[in-house]
Amino acid sequence: MIYRETGQFKTTYASDQQLFPILQDRVFVIGFLVFAFVGVPFLASDYLFRAILTPFLILSLAALGLNILVGYCGQLSLGTGGFMAVGAYAAYNIAIRVPDLNLLVVFVLAGLCSTVVGALFGIPSLRIKGFYLAVTTLAAQFFLDWAFARVGWLTNYSSSGSVAAPPLVIFGKAIQGPVEKYLFVLAIVCVFALLAKNLTRGAIGRSWMATRDMDVAAEVIGIRPLYAKLTAFAVSSFYVGLAGALWGFIYLGAWEPLAFDVNRSFELLFMVIIGGLGSILGSFLGAAFIVILPIVLNRRPSALGMPLSTATVSELELMVFGGLIVFFLIAEPRGLARLWAIGKEKLRLWPFPH
Amino acid sequence: MKNMLRIKAAALALAAAGGLAWAADALAQAKEIFVPVLVYRTGPYAPNGVPWADGFVDYLKLVNERDGGINGVKIAYEECETGYATDRGVECYERLKSKKPVAFSPLSTGITYALTEKAPGDHIVLITAGYGRADSVDGSVFRWNFPMMGTYWDGADILVQHVKTKGPIKGKKIALVYHDSPYGKEPIPVLEALAKKEGFKLMLLPVTHPGVEQKATWLQIRQQRPDYVFLWGWGVMNSTAIKEAIAVAYPRLQMYGVWWSGAEPDVLPAEQAARGYNALALAHSAENDKPIHKDMMKYLYDKGKGTAADKKEVGQVLYNRGMLSAILTVESIRTAMKHYGKGVMTGDQVRWGAEHLAIDANRIKQLGVDGMMVPFHTSCADHGGAH
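Sequence order for the protein chains is L and B. Sequential numbering from 1 applies to the first sequence in the numbering used here. Sequential numbering from 1 applies to the second sequence in the numbering used here.
So this is what it looks like as structure tokens:
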């Protein structure tokens, strides 16, 4: 009834090709962003910012990066945790070795380091496909894990292997409070999500998708696989590396290589699969599912006044979480983003479905 | 098809409900002192995490039941499961922070490192009894960390001094088999310095988390035949190491563990293989007949209020260590009350208490832990106390 594009005529190419062609979508997205930037800082508690919203946003960015690679270009990767680690340790090294560098520059440089490493480990993708590629990216994960645990220079010879981020100062202003950190991360995520959306709509995104759908056919119509695959690896690694730097600097503050182990890679891959392959929105939904749901499940019994022991609660959390993953994948194998799309279609027909 | 649609509809509804269900936190009561308990009762470290957590919680319960709290102020507590993972530990810290806690005992050196960055801003004391950052003993730099009872640097030094009594160690070879985490890496700088000073050769053999796969490590030990093996393991890694030692016929008499590698869950699964193996004790062992244990039975377990599933657990090594951690927390609060008056303490006040802790032999007897603790006192400069 309300959600219907009847009467919205497109008279120029620009209006037809805009990001959200339907007025209601535009209003909703802008309203949502205004709420996230202006409303949330007044409403949410410290805990919500520090323990839920900030990690959710950072991991969304990482999932977005992985989605570019897996969802848009069809190259399965299990090295995401390793690339996050590259971003985090690169940011650490740049920040301590070049003091007084603007934090934003540090993060972008860290992303670029990760880009180089990612493109390097993407080279086998030119010869290897599918599950075999997943195994080679797993090698990247283990190699990077090893490097950060063993090469002393990378951790500035920290005896415990744990490194701590220097104070976060940007344009002379310290980012300390939970709200500032949240807004900082939110701004970065918004910029890069918009960039990703436009990349995937453009020529480069179409070349990725053509490669994903059928690489031989893509080659025949003139897409260079070398270019398409390596750009996908590069762009994806940039996002993942940037997310890694944010994870270390903004969320953890101090970290050891274990924070970016192979479990992190799996977790991100699950986010992408559950959220929806080849969807920007799906990366956010998947991250919300994997990051927030376990915490909500863990807190639910005590919030409802059920006196369960900690062990029972943790095991219940795992069981319900696993059950929900299975349920959602049976209900919609194409992920939560597809469920969202179905919901929107239903809304268009409401209240007179035919 | 119809069913599928229904499932899809259910999934949609569930997702919507999940988005909406967001309940506000129940606030902690203002008349109580809140002590958060970070635990791991699940995962690969649970066999070691459970007794520690039970000991910690039991002591808080005992203070409430037996004494009616600390000087009449009851202790509120809440457990939070970390699974020994740093990011989950940080989430727990943020979750429990809203309840105005005074002191955290993270029971993980990795989480301690992460919280060391956060605690000063939030004015929360970190009591890391027998673990944590060894360098945080220096209270002038680490104002909020209290690594009481002994650090890993102490532990490494004691082990080297001990093997020195068995004969000169110049030219000998010592292997450190360690958990590849901040915990396992803590003793390395001290051992390296001692290797230079005493003239022995140090082999560093890391074991990846969780430590069930150590074949390669012990193969190296078989080839290199170090004169001593120091074990710096945690959880399932310890019993695996002892079993692997027998597989490569490495004499257990030359193996020494740190105090986290010498509890019941570490040696019992290895059965006969563990015979002859030595581990440091953190001033206490598996005492179970002290007055405090009798109180535990009388006030908690006889009334069915104990935390442990089996009351045989009371008095195990890690149970006792968890209990001692809780005792140090409670004593810090008590010391703060002596100075600031009886009431609900803040983090700053408890920090003062932890910095002016003076536990003498008399006090140890009063606490009912005679022989499980050495007298010590902390100061602004020395947050460790036991030096």
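Ideal Cβ placement from N, Cα and C applies to all residues, glycine included.
Delimiting residues of the beta strand (DSSP E) encompassing residue i
i, result
"residue 80 of chain B", "75-81"
"residue 177 of chain B", "173-179"
"residue 277 of chain B", "Taken as a continuous stretch (DSSP letters only), residue 277 of chain B belongs to no beta strand (DSSP E), as it is neither H nor E."
"residue 257 of chain B", "255-257"
"residue 232 of chain B", "228-232"
"residue 251 of chain B", "That residue, residue 251 of chain B, is in no beta strand (DSSP E); it is neither H nor E in DSSP."
"residue 201 of chain B", "201-207"
Pairwise C-alpha distance: residue j and residue i
i, j, result
"residue 294 of chain L", "residue 301 of chain L", "12 Å"
"residue 362 of chain B", "residue 371 of chain B", "11 Å"
"residue 90 of chain B", "residue 254 of chain B", "38 Å"
"residue 236 of chain B", "residue 210 of chain B", "7 Å"
"residue 234 of chain L", "residue 284 of chain B", "55 Å"
"residue 304 of chain L", "residue 91 of chain L", "42 Å"
"residue 274 of chain B", "residue 163 of chain L", "36 Å"
"residue 376 of chain B", "residue 153 of chain L", "39 Å"
"residue 311 of chain L", "residue 80 of chain B", "10 Å"
"residue 165 of chain L", "residue 114 of chain B", "10 Å"
"residue 179 of chain B", "residue 161 of chain L", "12 Å"
"residue 238 of chain B", "residue 58 of chain B", "26 Å"
"residue 266 of chain B", "residue 49 of chain B", "12 Å"
"residue 108 of chain B", "residue 125 of chain B", "15 Å"
"residue 296 of chain B", "residue 43 of chain B", "27 Å"
"residue 148 of chain B", "residue 74 of chain L", "53 Å"
"residue 191 of chain L", "residue 197 of chain L", "10 Å"
"residue 17 of chain L", "residue 30 of chain L", "18 Å"
"residue 27 of chain B", "residue 34 of chain B", "Residue placement at residue 27 of chain B cannot be trusted, given a pLDDT of 40 that sits under 50; the coordinates are not used to answer."
"residue 86 of chain B", "residue 246 of chain L", "16 Å"
Residue(s) in a DSSP beta bridge with residue i
i, result
"residue 123 of chain B", "DSSP, once it has assigned bridges, lists no residue as partnering residue 123 of chain B."
"residue 376 of chain B", "B:359"
"residue 173 of chain L", "L:170"
"residue 254 of chain L", "L:164"
"residue 33 of chain B", "B:75"
Min CB distance residue i to chain C below 9 Å
i, result
"residue 143 of chain B", "Of the chains in the structure shown, none is chain C; the protein chains are L and B."
Simplified DSSP state of residue i, which is helix, strand or coil
i, result
"residue 357 of chain L", "The structure shown does not extend to residue 357 of chain L, since chain L is modelled only from 1 through 354, so no value can be given for it."
"residue 164 of chain L", "strand"
"residue 178 of chain L", "helix"
"residue 148 of chain L", "helix"
"residue 208 of chain L", "helix"
"residue 57 of chain B", "helix"
"residue 323 of chain B", "helix"
"residue 39 of chain B", "strand"
"residue 290 of chain B", "coil"
"residue 146 of chain B", "strand"
"residue 168 of chain B", "coil"
"residue 352 of chain B", "helix"
"residue 101 of chain B", "strand"
"residue 23 of chain B", "Residue placement at residue 23 of chain B is flagged as unreliable, the pLDDT there being 38, under the threshold of 50; the coordinate-derived value follows with that caveat. DSSP places residue 23 of chain B in coil when its eight states are reduced to three."
"residue 290 of chain L", "helix"
"residue 28 of chain B", "Low local confidence applies: a pLDDT of 40 at residue 28 of chain B is under 50, so the model's placement there is unreliable, and no value is given."
"residue 70 of chain B", "strand"
"residue 138 of chain B", "strand"
Burial state of residue i, where buried means 16 or more other Cβ atoms lie within 10 Å
i, result
"residue 306 of chain L", "exposed"
"residue 260 of chain B", "buried"
"residue 95 of chain B", "buried"
"residue 268 of chain B", "exposed"
"residue 224 of chain B", "exposed"
"residue 330 of chain L", "exposed"
"residue 298 of chain L", "buried"
"residue 313 of chain B", "buried"
"residue 64 of chain B", "buried"
"residue 256 of chain L", "buried"
"residue 151 of chain B", "buried"
"residue 29 of chain B", "The pLDDT assigned to residue 29 of chain B is 46, lower than 50, so where the model puts this residue is not dependable; a value taken from the coordinates is nonetheless given after this. Looking at its Cβ environment, which holds fewer than 16 other Cβ atoms inside 10 Å, residue 29 of chain B is exposed."
Segment limits, alpha helix (DSSP H) that includes residue i
i, result
"residue 94 of chain L", "80-97"
"residue 229 of chain L", "225-246"
"residue 220 of chain L", "215-220"
"residue 310 of chain L", "310-331"
"residue 49 of chain L", "Careful: residue 49 of chain L lies outside any alpha helix (DSSP H) and carries neither H nor E."
"residue 2 of chain L", "Per DSSP, residue 2 of chain L belongs to no alpha helix (DSSP H) and is neither H nor E."
"residue 101 of chain L", "Residue 101 of chain L -> no alpha helix (DSSP H), and no H or E assigned at all."
"residue 28 of chain L", "23-34"
"residue 188 of chain B", "188-198"
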